[in-house]
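Residue numbers (the numbering used here), protein chains in the order written: chain A, 20 to 130; chain B, 23 to 133. The structure appears below as structure tokens.
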Amino acid sequence: KQEVTQIPAALSVPEGENLVLNCSFTDSAIYNLQWFRQDPGKGLTSLLLIQSSQREQTSGRLNASLDKSSGRSTLYIAASQPGDSATYLCVSSGSARQLTFGSGTQLTVLP
Amino acid sequence: DAGVIQSPRHEVTEMGQEVTLRCKPISGHNSLFWYRQTMMRGLELLIYFNNNVPIDDSGMPEDRFSAKMPNASFSTLKIQPSEPRDSAVYFCASSSVETQYFGPGTRLLVL
Chain A
20 KQEVTQIPAA
30 LSVPEGENLV
40 LNCSFTDSAI
50 YNLQWFRQDP
60 GKGLTSLLLI
70 QSSQREQTSG
80 RLNASLDKSS
90 GRSTLYIAAS
100 QPGDSATYLC
110 VSSGSARQLT
120 FGSGTQLTVL
130 P
Chain B
23 DAGVIQSPRH
33 EVTEMGQEVT
43 LRCKPISGHN
53 SLFWYRQTMM
63 RGLELLIYFN
73 NNVPIDDSGM
83 PEDRFSAKMP
93 NASFSTLKIQ
103 PSEPRDSAVY
113 FCASSSVETQ
123 YFGPGTRLLV
133 L
């Protein structure tokens, strides 16, 4: 059974800092891995999707990497802004499309 | 609680037919979300409701898609007419505060 762990559970940084969120998974036989942003009361917003054959994806100030052999993914946020404050979820998808969610990292960017 | 209930679990239909997916959220939850999972795009938010009212439907791909929530215990996602590119797994999720609880999904195949 797949388990997804996110570290840290909470993170507070000053504006402008670069930061890394970590995600680890126990079963490397994933179909893809996706990073989401969750704002209170809203649906999940997809940030980056990494297929199992890919090593990284980039979108603006965000970069996500995937290392299946070590069971790890990272989300790098450059030049953080207060608007980046949210909970970030790592979600793995198995071959049968089953989803496994991490517990999330609550990010606060201080102005 | 039985969790979020979705029906049917599998649906195979022909192009042009109407498809109705159903969701029963967890009792007491006031937010309901519809997501679509595809191979290429991962998990995407289609629409979500707060207290039975649609809040954000910007993820609904086309006018062929519609969603309703007539009461706090039931929601439908309808595709009319269906097309082969609609083939995906459709997830319903509900929440009361932060954590979203996902249903098992409906696997839709449009031939």
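Glycine is no exception: its CB is placed at the ideal position from the N, C-alpha and C atoms.
Candidates B:Tyr-70, B:Ser-95 and B:Met-61, of which the one nearest Ala-110 (chain B) by Cα: For the purposes of this step, residue 110 (chain B) is taken as residue 88 along the second sequence, with counting starting at 1. Nearest option by C-alpha distance: B:Met-61.
Assumed close pair Leu-68 (chain B), Met-82 (chain B) - CB separation to whole angstroms, cut-off 8 Å: To locate residue 68 (chain B), count along the second sequence from 1; it is residue 46. To locate residue 82 (chain B), count along the second sequence from 1; it is residue 60. The pair is a contact, with the Cβ atoms about 5 Å apart (cut-off 8 Å).
Inter-residue Cα distance where the pair is Leu-81 (chain A) and Thr-24 (chain A): Position 62 of the first sequence holds residue 81 (chain A). Position 5 of the first sequence holds residue 24 (chain A). Roughly 20 Å separates the two Cα atoms.
CB contact check: Lys-20 (chain A) to chain B, cutoff 9 Å: Numbered from its first residue, the first sequence carries residue 20 (chain A) at position 1. No, because no Cβ of chain B sits closer than 9 Å to the Cβ of Lys-20 (chain A).
Whole-angstrom C-beta distance between Ile-96 (chain A) and Ser-86 (chain A), which should lie under 8 Å: Residue mapping note: residue 86 (chain A) aligns to position 67 of the first sequence, counting from 1. Residue mapping note: residue 96 (chain A) aligns to position 77 of the first sequence, counting from 1. Correcting the residue type first, residue 86 (chain A) is Asp in the shown sequence and not Ser. Going by Cβ atoms, the distance from Asp-86 (chain A) to Ile-96 (chain A) rounds to 18 Å, so no, they are not a contact pair.
Limits of the beta strand (DSSP E) - the one that Arg-91 (chain A) falls within: As a position in the first sequence, residue 91 (chain A) is number 72, starting the count at 1. 91–96 is the extent of the beta strand (DSSP E) around Arg-91 (chain A).
Three CB pairs or more closer than 8 Å across the stretch 28–39 of chain B and the stretch 27–38 of chain A: no
Ser-78 (chain A) versus Pro-47 (chain B) - alpha carbon distance: Locating residue 78 (chain A) in the first sequence gives position 59, where the first residue counts as 1. Locating residue 47 (chain B) in the second sequence gives position 25, where the first residue counts as 1. Approximately 33 Å between the Cα atoms of the pair.
Cβ-based contacts, 9 Å cut-off: residues of the stretch 57–68 of chain B near chain A: Tyr-57, Gln-59, Met-61, Met-62, Arg-63, Gly-64, Leu-65, Glu-66, Leu-67 and Leu-68
Residues sharing a beta bridge with Ser-117 (chain B), DSSP: Residue 117 (chain B) sits at position 95 when you count from the first residue of the second sequence. DSSP lists B:Ser-53 as partners of Ser-117 (chain B).
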